[in-house]
DNA sequence: CACGATATTTTCGTACACGAAACAATCGGG
DNA sequence: CCCGATTGTTTCGTGTACGAAAATATCGTG
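Residue numbers (our numbering), protein chains in the order written: chain A, 4 to 173; chain B, 4 to 173.
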């Protein structure tokens, strides 16, 4: 049959089990990145996001990444301590803190080889194309099936609470 | 070219994005469990596993759950401090520490309502049956596509290192 | 028997991740 | 103009989660 990792598990538990293995693999990869390139996956994610748009503020960045502000704040603390990002209070609205990537930060992400950046994409790319497509669609669907209020969407913050779910058919 | 960060992305990055949302939802649910029932998902997972088989030792439990020994050790520390599990050195082999669930631990997991136990299953069960099946199979496949040495299987520890992979071996 | 190799657990340091509370700044009424 | 409500950031405490190193116990071989 279909390979049971644990003695007796129905199709319900298998997915959860696999999910834990996947997140663990991602975590282990992040630590490897940290050992070899002095940067972790979440840090890399923040840097890449900041690189693309410079108008970022903490709360915006957090909602884009689907992380809480305190989590992202901690990551930024470490990045700022190493001079990889800059924080500066906005002049128009002094509540806001504008985030930016520094030349040193830019240099660092340029130095990390493509292959090390994202182990998810590597594992993902080893699957047949049709399965890749199917899997990402199913993951997106599953994500939507968790209580919606738990993971407020990025767009909610900039367009106001959505009346409905947009992109059901992309 | 492709990365995995922002809302509008190809099917490669969407899966990663969705994965982060899912793990975040699971984490948030675990904290809710902690607030309302003084127990977290990983702790509940350990208790349930210990409940089923009493011969558990730390390293065995860790590999079953696909977590590192230090992680599980920390979880057990908290459970033991609350008198929910017991540790006792094995008499035959004093290196081993036998783990067991206490009556208090049993009582606690019995008191947590079914509905609170696993938000994954709830979200999962909201999907059509065929999609459930498909998703868990794809997740299992994806898990296998991560570097295998990163996630040593449970059976490796009790049956010795596998000579080969069960099914799809390219 | 001694002693190194192995097996197991524990400890330590670090990073992530969250919520709650504290803090800071802006804005709208009265 | 002050003062409460709101928005945004930082701080704090806790719980995962990992690897490396230390500590403990067993076992095999000389």
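C-beta atoms are modelled at their ideal positions from N, C-alpha and C, and glycine is treated no differently.
Just so we're clear, the structure is a prediction, and the values are computed from it rather than from any experiment.
- Task: Would you mind stating whether residue 104/A and residue 54/A have Cβ atoms separated by less than 7 Å?
- Result: yes
- Message: Let me confirm a value: residue 118/A is counted as buried when at least 16 other C-beta atoms fall within 10 Å, else exposed. Which label applies?
- Response: exposed
- Task: Give a yes or no on whether 7 Å exceeds the smallest Cβ distance from residue 77/B to chain A.
- Result: no
- Item | Residues that residue 60/B bridges to, as DSSP identifies them | 101/B
- Considering only the beta carbon of each residue, do residue 88/A and residue 94/A sit closer than 7 Å? no
- Item | Counted within 10 angstroms of its Cβ, other Cβ atoms place residue 133/B as buried (16 or more) or exposed | exposed
- Note down the Cα distance separating residue 29/A from residue 22/A, rounded to an integer number of angstroms. 11 Å
- Item | Same chain, Cβ closer than 7 Å to residue 152/B, neighbours up to 5 away in sequence not counted | Residue placement at residue 152/B is flagged as unreliable, the pLDDT there being 45, under the threshold of 50; a coordinate-derived value is accordingly withheld.
- Give the interface partners of residue 65/A over in chain B, defined as CB-CB distance under 9 Å, in chain order. In chain order: nothing, as chain B lies at least about 11 Å away.
- Query: Counting along the chain, where does the beta strand (DSSP E) carrying residue 92/A start and finish?
  - Reply: 88-92
- Item | Buried or exposed by the 16-neighbour rule on C-beta atoms within 10 Å, applied to residue 58/A | exposed
- Task: Just the C-alpha distance for residue 126/B and residue 120/B, rounded to the nearest angstrom, thanks.
- Result: 12 Å
- Message: Can you confirm whether residue 139/A, when its beta carbon is compared against all beta carbons of chain B, has any partner nearer than 7 Å?
- Response: yes
- Cβ-based contacts, 9 Å cut-off: residues of the region 111-127 of chain A near chain B: 120, 121, 122, 123, 124, 125, 126 and 127
- alpha helix (DSSP H) containing residue 52/B: first to last residue? 44-55
- When the cut-off is 7 Å and only beta carbons count, does residue 129/B lie next to chain A? yes
- Grouping DSSP H, G and I as helix and E and B as strand, with all else coil, what is residue 66/B? helix
- Task: Please state whether DSSP places residue 134/A in a helix, a strand or coil.
- Result: helix
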